[in-house]
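K.L.:
Just passing along the structure, written as structure tokens.
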Amino acid sequence: MVRPLCPAWRRPWRGVGALASPAPRVRRSGVSPGHRLNVAGSHWSLAMTGTVITAARRTPVGSFMGAFANVPAHELGRTVIAAVLADAGVSADEIDEVILGQVLTAGHGQNPARQASIAAGVSESTPAWGVNQVCGSGLRAVALASQAIQSGDAEIIVAGGQESMSLAMHAQNLRAGTKMGAIELVDTMIKDGLWDAFNGYHMGITAENVAERYQIGRAAQDAFAVASQNKASAARSEGRFAGQIAPVTVKGRKGDTIVDTDEYIRDGVTIDSVSGLRGAFKKDGSVTAANASGLNDGAAALVVMSEAAAARRNTPVLARIASWASVGVDPAYMGIGPVPASKKALEKAGWSVGDLDLIEANEAFAAQALAVGQELGLDPAKVNVNGGAIAIGHPIGASGARVLTTLIHEMIRRDVRRGLATLCIGGGMGIAICVER
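Its first residue numbered 1, the sequence shown is counted upward by one per residue in the UniProt record's numbering.
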């Protein structure tokens, strides 16, 4: 078990913000049994089959340059793919497709999603590919899986996300050579993951923008961050995350280490311990390392099936996907993206905010999380009940799948019916998924 290496505040804040192949499956042609073709005059429509989630797991979330410092993203992905296949009772040759979100892929070889899929024992005949919608990538992978199943192109898909921020490359364009003198390397973690390409500044500045527009002060942000840490600390100590975590074996010179506990969460966080930190992104700013999410490593995966396939196989269903939506917003205020995305997803599901029993809203920054809750009218008692990304961490390409996994497991633990998972997205977007039991 890996615990935080030092007591809270004795270390600085770091970060803001394999395989034999069975014979290929025979693919179905035409309209799948789960569909009906309805014809009325010159108009026709396809009655979509429902989609369900039958397994959901995540790795522990590692600190930046922590337990997973030398573990490639595809190895983290391999771990969760293998875990959900076992949980769902699905054999490797039954998977129609693997879709994994990942943002930081430079220097990690061709198609890291395919690397993870093959390493997990999925058939070589099964395609695997990656998606990059920045922080929403892991959740978009699940939405894409649902769409493919609804259209009749697949019945069983593994979807999720993987990310190693610790192994993000430094790079420089030297294809044409360079003149005399020193060159500056580009940190791809910042450039490709945390930098607003439209305004030329860090995601932290977008959080400052949101704080100013929605009048969210430093005290409110710090109080929110402390609550997130304390909720996550209690959840970890009480074992509430255990059922959703797939342990990761990390190989080392002195033997293997099994990591089965979130590393980034801090115990004993108080207002006094965070209130003295300076603004991280601008002079006299209110966004600090303590009230922003971290730089982290992790992966999460879910098995998405057609309702017909789950019924035919007698596979227990964790949740049904009721709807999803993704919406664009002003990149300078990207943190507000969950508001229109959640409204659209709720409208498509025929639900209201009051119908929700639990919400997992990714905490990129306390300022944006508070603004989202304020604008949607969310009940704080239903939001991130076990803490959020400020405490647990934010491995950007995996976070969408992580929040959905956490949501589903908590819905089961509390025996509640309806939930919403939502994230803001760098570049000015939001994404949301409604699920029900």
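Built from N, CA and C at the ideal position, the CB exists for glycine as well.
Does DSSP classify S63 as helix, strand or coil?
P.N.:
Residue state, collapsed to three classes: strand.
K.L.:
If we count Cβ pairs, one from each stretch, closer than 8 angstroms, do we get three or more for the segment 335-344 versus the segment 356-368?
P.N.:
In short, these stretches touch, since the Cβ pair count reaches three.
K.L.:
Taking the alpha-carbon of S233 as reference, which of G243, S326 and G388 has the nearest alpha-carbon?
P.N.:
Minimum Cα distance to S233 is reached at G388.
K.L.:
Note down, one range per segment and in chain order, each alpha helix (DSSP H) of at least 4 residues found wholly within the UniProt domain "Thiolase C-terminal" (317-437).
P.N.:
Correct list: 338-349, 366-376, 389-392 and 399-414.
K.L.:
DSSP puts I157 in a beta bridge; with which residues?
P.N.:
The partner list for I157 (beta bridge, DSSP) reads E97 and V304.
K.L.:
Classify R58 as helix, strand or coil using the three-state DSSP reduction.
P.N.:
The answer is strand: DSSP assigns R58 an E or B state.
K.L.:
Which whole-angstrom value is the C-beta distance of G101 and G130, which I expect to be below 8 angstroms?
P.N.:
Correct: roughly 7 angstroms between the Cβ atoms.
K.L.:
In chain order, what residues of the same chain lie with their CB nearer than 7 angstroms to the CB of A235, ignoring the 5 residues before and after it?
P.N.:
Here the set comprises F241, N386 and G387.
K.L.:
Using a Cβ-Cβ cutoff of less than 7 angstroms, which residues in the same chain neighbour T405 once the five nearest sequence positions on both sides are dropped?
P.N.:
Only A56, R57, R58, Q244, A300 and L302 meet the Cβ criterion.
K.L.:
Among I271, T79, A88 and F64, which one has its Cα closest to the Cα of A311?
P.N.:
Measuring from the Cα of A311, the nearest candidate turns out to be A88.
K.L.:
Under 6 angstroms Cβ to Cβ from A168, same chain only, skipping five residues before and after it: list those, please.
P.N.:
L104, T188 and M189, listed in sequence order.
K.L.:
Verify whether the separation of the beta carbon atoms of C434 and A349 is less than 7 angstroms.
P.N.:
Contact: yes.
K.L.:
Would you kindly report the start and end of the unbroken alpha helix (DSSP H) that includes A86?
P.N.:
A86 -> alpha helix (DSSP H) spans A73 to A88.
K.L.:
Given 8 angstroms as the limit, is there contact between the segment 159-167 and the segment 128-147, that is, 3 or more CB pairs closer than that?
P.N.:
Short answer: they touch.
K.L.:
Fully enclosed by the segment 221-278, which alpha helix (DSSP H) runs are 4 residues long or longer?
P.N.:
Taking only runs of at least 4 residues, the alpha helix (DSSP H) segments lying wholly in the segment 221-278 are 271-274.
K.L.:
Assign I216 to one of three DSSP states: helix, strand, or coil.
P.N.:
DSSP places I216 in coil when its eight states are reduced to three.
K.L.:
Taking the straight line between their C-alpha atoms, what separation do you get for T315 and E155?
P.N.:
Distance between the alpha carbons of T315 and E155 is about 13 angstroms.
K.L.:
Which residues does DSSP pair with D196 in a beta bridge?
P.N.:
Note: D196 sits in a beta bridge opposite Y201.
K.L.:
Within its chain, find whatever has a CB closer than 6 angstroms to the CB of S42; leave out the 5 residues flanking it on each side and keep chain order.
P.N.:
Legend: pLDDT at S42 = 29, less than 50; position of this residue unreliable, value from coordinates given subsequently. No residues qualify anywhere along the chain.
K.L.:
Look at I157 and V52 and say whether their C-beta atoms are less than 7 angstroms apart.
P.N.:
In this structure, V52 does not lie closer than 7 angstroms to I157 by Cβ.
K.L.:
Can you list, in chain order, the residues of its chain with a C-beta nearer than 6 angstroms to that of I258? Leave out the 5 residues immediately preceding and following it.
P.N.:
Within the same chain, I258 has close Cβ partners P247 and T249.
K.L.:
Assuming G130 is part of the alpha helix (DSSP H), what are its boundary residues?
P.N.:
Run containing G130: none in the alpha helix (DSSP H); it sits in the beta strand (DSSP E), A128 to V131.
K.L.:
Exposed or buried, which one is A381 when buried takes at least 16 other CB atoms within 10 Å?
P.N.:
Classification for A381: exposed.
K.L.:
Spatial neighbours of A391 within its chain, please: C-beta separation below 6 angstroms, excluding the five flanking residues on both sides.
P.N.:
Around A391: S228, Q229, A232 and I265.
K.L.:
Quick check on E208: does DSSP put it in helix, strand or coil?
P.N.:
Residue state, collapsed to three classes: helix.
K.L.:
Rounded to the nearest angstrom, what separates N209 and D96 at their Cα positions?
P.N.:
Those two C-alpha atoms are separated by around 43 angstroms.
K.L.:
Tell me whether the beta-carbon of N296 lies closer than 7 angstroms to the beta-carbon of G393.
P.N.:
Yes; because the gap between Cβ atoms is below 7 angstroms, this pair is in contact.
K.L.:
What whole-angstrom Cβ distance do L144 and I216 have, given they're in contact under 8 angstroms?
P.N.:
The pair is not a contact, with the Cβ atoms about 33 angstroms apart (cut-off 8 angstroms).
K.L.:
Tell me, to the nearest whole angstrom, how far the beta carbon of I408 is from that of A319; I am working on the premise that it is less than 8 angstroms.
P.N.:
About 5 angstroms separates the two Cβ atoms, so the contact holds.
K.L.:
To the nearest angstrom, how far is the alpha carbon of Q147 from that of G136?
P.N.:
Each residue's alpha carbon lies about 16 angstroms from the other.
K.L.:
Candidates L370, E212, L423 and D153: which alpha carbon is nearest A285's?
P.N.:
Residue identity check: residue 285 is Gly in the sequence provided, not Ala. Nearest of L370, E212, L423 and D153 to G285, Cα basis: E212.
K.L.:
To the nearest angstrom, how far is the alpha carbon of I321 from that of V142?
P.N.:
If you take the alpha carbons of I321 and V142, they lie about 9 angstroms apart.
K.L.:
If I'm right that A290 touches V274 with Cβ under 8 angstroms, what's the distance once you round it to whole angstroms?
P.N.:
Rounded, the Cβ-Cβ distance is 4 angstroms, consistent with contact.
K.L.:
Per the DSSP calculation, T51 is bridged to which residue(s)?
P.N.:
DSSP output for T51 lists S306 as bridge partner(s).
K.L.:
Would you decide whether A432 is buried or exposed? Buried here means 16 or more other CB atoms lie within 10 Å of its CB.
P.N.:
A432 is buried by the Cβ-count criterion.
K.L.:
Mind reading off the beta-carbon distance from A280 to T270? Whole number of angstroms is fine, and I expect it under 8 angstroms.
P.N.:
Incorrect: roughly 19 angstroms between the Cβ atoms, too far for contact.
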